[in-house]
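Quick note, the sequences are listed as chains A and B, same order. 0 is the number of the first residue of the first sequence in numbering that gives the first Met the number 0; add one for each residue after it. 0 is the number of the first residue of the second sequence in numbering that gives the first Met the number 0; add one for each residue after it. The beta-carbon is built from N, C-alpha and C at its ideal position, and this holds for glycine as well. Just below is one structure, and these are the notes that go with it.
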Amino acid sequence: MNWFRDFLLPPGASTHVGEMDGLFMFITWLTVFFFFFNGGLIFYAVRRWRRRSAKEVTPHITHDTRLELVWSLIPLAVVMLIFLWGFKGYVKAWVAPNDAMEILATGKKWVWEFEYPDGTRTLNDLHVPVNRPVKLVLTSEDVIHSFFIPEFRLKRDAIPGRYTELWFTATEPGIKQVYCTEYCGKGHSDMLARIFVDTPEQYETFLREGDEQVRKMPLKELGRLVWENKGCATCHSLDGTRGQGPSWKGIWNQTHRGADGGEHRVNADYIRQSILTPQAVVVQGFEPIMPTYQGLLREREILGLIEFIKELQ
Amino acid sequence: MSEGVLYAGAGHAGRHADYLEEPKGLWSWLTTVDHKRIGLMYMWSVLFFFLVGGIFALLIRLELLTPKQTIMDAETYNRVFTLHGAIMTFLVIIPAIPAALGNFALPLLLGAKDVAFPRLNLTSLYVYWIGAAMAVATLALGGVDTGWTFYTPYSTTTGGGVTLMVLAAFVLGFSSIFTGVNFIATIHKLRAPGMGWFEMPLFCWGMYATALIQILATPVLGITLLLIVMERVLGVGIFDPQLGGDPVLFQHFFWFYSHPAVYIMILPAMAVISEVIPTFSKKTIFGYKAIAFSSVAIALLGFLVWAHHMFVAGISLFAGAIFSFLTFFIAIPSAIKVFNWIATMWRGSISLEAPMLFAISFLLIFTIGGLTGLFLAALSTDVHLHDTYFVVSHFHYVMAGSNLIAFLAGIHYWWPKMYGRMYNTKLAAISSAIIFIGFNMTFLPQFVLGSRGMPRRYFNYLPQFQDLHVASTVGSWVLAAGLFLTAAYLLASFRQPKGAPANPWGGRTLEWETASPPTAHNFEGQPVLQHGPYDYRPEPAPVGVKELAH
Ligand code: HEM
Ligand SMILES: [Cu+2]
Ligand SMILES: [Cu+2]
């Protein structure tokens with residue numbers, strides 16, 4: 000009867016599927032059975048004991064304790080079985096393995112934003128490696144949303160001011176649909192996201208070069224995104240105010256004096272060096288606190304930053 | 000005296016004008032304290048709002064005919080489904096059976112002249128009208144787009160007439176509480192002499208259990224709704240995290256009322272069915288006490304399961320387990336009742352009049368509605384199904400399917416008593432079939448939509464879901480056709496002469512012992528109970544039946 004399951008449920012693609020589908024089909028058959036059982040009894044009774052004359056006399060049966068116990072205790076046993084079965088699957092979906100990769104998913108009207116362990120961010124497209132446990136930490140910036148992946152049989156609300164979790168191991172590569180299932184206003188039904196379950200190679204590429212969105216984004220925009228997302232913004236302003244580090248406003252082509260006394264023109268090589276080995280030249284008047292971004296930024300992101308700084312007049 | 004009922008000081012039946020005729024005039028209706036008139040006014044108000052809510056439903060289904068915009072934009076759609084849900088829950092389903100049929104029938108079934116507090120009864124009707132007017136007035140303020148569940152922080156931050164709608168629900172709560180208080184007092188105090196608790200018709204047990212929930216749970220809703228108003232109007236942070244509140248707290252409060260409220264909707268339906276089935280099976284009810292106690296058990300257990308609406312809303316693993324466990328217990332009394340009704344039909348003398356046809360529809364539909372509750376009570380399956388069309392379908396099976404079809408069964412059952420006129424029984428049989436088919440066409444596909452992943456409250460949807468949506472929309476037209484047919488022959492019955500007999504169905508409860516329609520005082524003198532409510536043994540009653548002094 001696999002066709003029946005395939006008719007009722009979307010294809011399964013996570014390790015939670017087996018548990019849920021088994022129980023789902025069990026209750027489905029139970030429902031079908033009792034519908035026809037009750038319907039059959041009613042149909043039979045109506046056929047067999049249809050009133051033929053107004054004078055008919057019926058037996059005066061007020062109750063039957065044995066029968067009533069049977070039809071109370073059997074359903075009780077069945078529902079307790081269902082309870083335990085459902086609980087088992089829920090517990091499994093609750094406790095993420097320790098080695099799960101953690102991704103932060105933030106809902107806001109009406110997009111999902113994802114942040115990966117290495118600081119990469121994506122919008123509406125979530126990349127995960129196949130066959131590796133992934134834990135999503137969900138939150139919201141405005142109202143309640145809910146993250147629903149039918150093919151994984153998983154769902155959890157994203158609540159403002161709180162963190163909730165959901166974890167899965169995707170079992171086959173491909174693109175999975177994500178819906179928002181907590182009503183959140185005008186764009187609720189357009190608040191769709193996709194999960195790209197990548198093969199290990201695809202996932203490597205994604206980590207190296209970013210997802211398609213990033214790969215296609217103009218350099219300058221990408222630079223701003225990196226400034227925002229990778230922490231540069233906490234130390235470098237764009238409007239000339241001095242932070243923990245020098246503002247980037249108007250620095251392109253200026254000559255800066257290093258703490259060692261040497262003069263350096265701010266050009267592409269200088270910026271690259273500042274990012275990858277910040278301690279090589281420390282700008283005069285600042286502490287050597289900038290961390291190195293060696294290995295944390297993709298080549299294209301560095302190019303983006305250079306373009307971005309170039310334009311900041 | 001016929002049918003074993005004694006009237007203390009009887010002997011002049013049929014002399015007085017019936018309650019419909021005397022006194023005359025609109026004013027006499029608006030100021031009446033007669034439970035029967037109040038019941039009828041409730042019934043027509045509820046039916047009017049059922050029409051309004053139904054039109055919204057047809058608009059929703061029409062919009063969903065295509066995956067993108069069909070007849071309205073997303074913002075209108077959100078307002079339409081909110082209004083549909085709010086009207087159907089607060090203005091139709093909650094008052095339908097208790098306030099309309101209960102008001103009409105409960106005192107008659109108890110052998111009483113009226114309810115315990117007739118003026119409070121009229122007040123409850125006016126409060127209902129005021130609440131209804133407030134709900135409709137929200138349209139002038141740009142409508143409401145929160146869904147009938149008013150989840151925070153969406154509801155405390157969105158625009159439109161949310162405050163007014165919330166106040167409307169608050170006011171309607173009082174109408175519900177008044178009815179509940181009244182019924183409890185009536186059942187305690189006004190049973191006919193000789194009617195012990197276990198000689199009451201089961202309808203009264205159902206009303207009693209419902210009334211318990213109405214007075215215990217509704218205040219919680221009232222307080223919760225006021226908290227929303229405080230947050231929206233005064234900026235007090237209770238639910239909105241931006242103000243330091245907790246949005247999930249609202250869900251706890253809301254479902255603490257609204258889960259019991261679903262039993263405000265189903266217990267009265269079960270109450271009607273418990274009357275109809277023995278009458279048309281001409282056989283005593285099977286398991287009277289089991290049915291009576293199941294009603295009370297459902298009412299009490301109903302208070303312990305609210306968080307089953309929140310399995311994915313960040314409640315703890317332990318809480319999830321407890322609430323799932325308790326929810327399953329509610330399924331048992333429901334199952335017991337269904338088996339009892341079938342056992343009542345067993346070896347009966349079954350006559351398939353319209354009320355019985357509706358009752359059979361109820362049995363089939365409630366079986367599906369109840370069993371699909373198991374999918375949602377089980378934790379792992381609910382995680383998949385929550386907030387999808389599966390839930391939509393489940394609660395329509397239990398609310399629209401079971402409650403409204405039981406309401407129709409009750410209307411068809413007591414219509415000759417209400418108006419003294421009979422409707423066209425052939426058309427009634429046909430329409431009960433159309434309604435059954437239309438209902439299943441509309442909602443069966445929604446189970447599949449939901450299990451395949453279609454979320455609820457979606458204006459746009461992915462093309463892969465279209466076929467099932469089309470089937471559901473077509474079903475909604477069939478259902479509407481059946482309901483319009485019902486309306487037509489019921490209204491046409493007013494052109495019939497007032498010829499309905501006192502006891503058209505051969506029932507054994509007290510309302511059939513008085514004229515159709517009854518006089519303003521229901522009975523000529525005080526009826527005294529002589530036999531149980533479902534005693535169909537041939538007379539003279541065998542030994543053991545209560546013999547009562549007059
Ligand atoms: C017979 C046993 C029943 C069980 C075990 C059951 C179980 C459930 C559960 C667990 C949910 C929450 C699903 C979710 O949101 O994910 C639910 C939803 C609901 N049920 Fe039932 N139910 C039963 C009968 C009824 C009855 C009799 C009614 C009303 C007449 C009813 C009305 C509703 C409504 C209105 C909702 C959804 C409300 C919303 O989210 O808007 N249920 N049911
Ligand atoms: Cu949403
Ligand atoms: Cu509930």
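Sorted by chain position, which residues of the same chain lie with C-beta nearer than 6 Å to A/C234's C-beta, five sequence neighbours on each side aside?
G242, Q243, G244
Could you tell me whether the Cβ atoms of B/F322 and B/V304 are closer together than 7 Å?
yes
Quiz item: Beta carbon of A/G222, beta carbon of A/F285: below 7 Å?
Solution: no
Self-check item: Chain-ordered chain A contacts of B/W345 [CB-CB under 7 Å]
Solution: A44
Query - chain B contact for A/D371 (CB, 7 Å cutoff) - result: In the structure as shown, chain A starts at 0 and stops at 312, and residue 371 of chain A therefore has no counterpart that could be examined.
Is A/S246 closer than 7 Å to A/T254 when the C-beta atoms are compared? no
At the level of alpha carbons, what is the spacing between B/T185 and B/E538?
The alpha-carbon atoms of B/T185 and B/E538 are separated by roughly 30 Å.
- [ ] Identify every residue that forms a DSSP beta bridge with A/C179.
- [x] Answer by DSSP bridge pairing, in chain order: A/F146.
(request) Grab me the residues of B/G543's own chain with a C-beta within less than 7 Å of its C-beta, minus the 5 sequence neighbours each way, in chain order. (result) Confidence at B/G543 is low in this model, with a pLDDT of 38, below 50, so its placement is unreliable and the value that follows should be read with caution. Take B/G543, set aside five residues on each side of it, and no residue of its chain has a beta-carbon closer than 7 Å to its own.
Simplified DSSP state of A/W111, which is helix, strand or coil:
Three-state result, A/W111: strand.
Query raised in the report: Looking at C-beta atoms only, is the number of pairs between the segment 192-203 of chain B and the segment 236-251 of chain B that lie closer than 8 Å three or more?
Result: no
Whole angstroms are fine: how far does the CA of B/L119 sit from the CA of B/F177? 7 Å
Checklist entry - Just the residues with CB closer than 6 Å to a heavy atom of ligand 2, in chain order, which are they? => result A/H144, A/C179, A/E181, A/Y182, A/C183, A/H187, A/M190
Are there any heavy atoms of ligand 3 lying less than 6 Å away from the beta-carbon of B/H258, as far as the coordinates show? Under cutoff, so the answer is yes.
Give me the residue from B/N459, B/A514, B/A111, B/A519 with the minimum Cα distance to B/F65.
A small correction: the amino acid at residue 65 of chain B is Thr; Phe does not occupy that position in the sequence shown. Per the Cα distances, B/N459.
Residue-chain proximity (B/A73, chain A), Cβ-Cβ < 7 Å
yes
Q.
Going by C-alpha to C-alpha distance, which of A/V127, A/L296, A/W48 sits closest to A/T198?
A. A/V127
Please list, in chain order, all residues of the same chain as B/A289 whose beta carbon is under 7 Å from its beta carbon, the five residues on each side excluded. I335, N339
Check your understanding: Does DSSP put A/L311 in a helix, in a strand, or in coil?
Key -> It is coil, neither helix nor strand.
Bounding residues of the alpha helix (DSSP H) (the contiguous stretch that carries A/P132): Per DSSP, A/P132 lies in no alpha helix (DSSP H); the unbroken beta strand (DSSP E) holding it starts and ends at 132-139.
* For A/M79, which residues in chain B fall below 8 Å Cβ to Cβ? -> F327
- Does the distance from the C-beta atom of B/G193 to that of B/P526 stay below 7 Å? no
* To do: Excluding the 5 residues preceding and the 5 following A/R65 in the sequence, name in chain order all residues of the same chain whose CB lies nearer than 6 Å to its CB.
  => Answer for A/R65: no residue qualifies.
| said: Can you pull the chain B neighbours of A/P159, defined as C-beta to C-beta under 8 Å? | reply: P152, P240, Q241, P246
Cβ shell of A/R264 (< 6 Å), same chain only, five flanking positions each side left out: Excluding positions up to five away in sequence, the list reads T254.
### Limits of the unbroken beta strand (DSSP E) element including A/H126
The continuous beta strand (DSSP E) containing A/H126 extends over residues 124-128.
| task | Reducing DSSP to helix, strand and coil, say where B/F285 ends up. | result | coil
Review point. What did DSSP end up calling B/M453 once you bin it into helix, strand or coil?
Key: coil
Cβ pair B/K112, B/N521 closer than 7 Å:
yes
- Query: Quick check: the segment 74-91 of chain B against the segment 133-144 of chain B, are there 3 or more CB pairs under 8 Å?
  - Reply: Counting Cβ pairs under 8 Å, three or more are found: they touch.
### Query
Do the CB positions of B/F435 and B/S392 come within less than 7 Å of each other?
no
(Q) With DSSP as the reference, identify every bridge partner of A/W166, one or two as the case may be. (A) Per DSSP, A/K134.
Residue range of the alpha helix (DSSP H) that B/T162 falls in?
161-188
Enumerated in chain order, which unbroken segments of the beta strand (DSSP E) with a length of 3 residues or greater are wholly contained in the segment 320-377 of chain B? Qualifying beta strand (DSSP E) stretches: none in this window.
Report task. For B/A270, count neighbouring Cβ atoms within 10 angstroms of its own Cβ and tell me buried if that reaches 16, exposed if not. Result -> Taking every protein chain shown into account, the CB of B/A270 has 16 or more other CB atoms within 10 angstroms, so this residue is buried.
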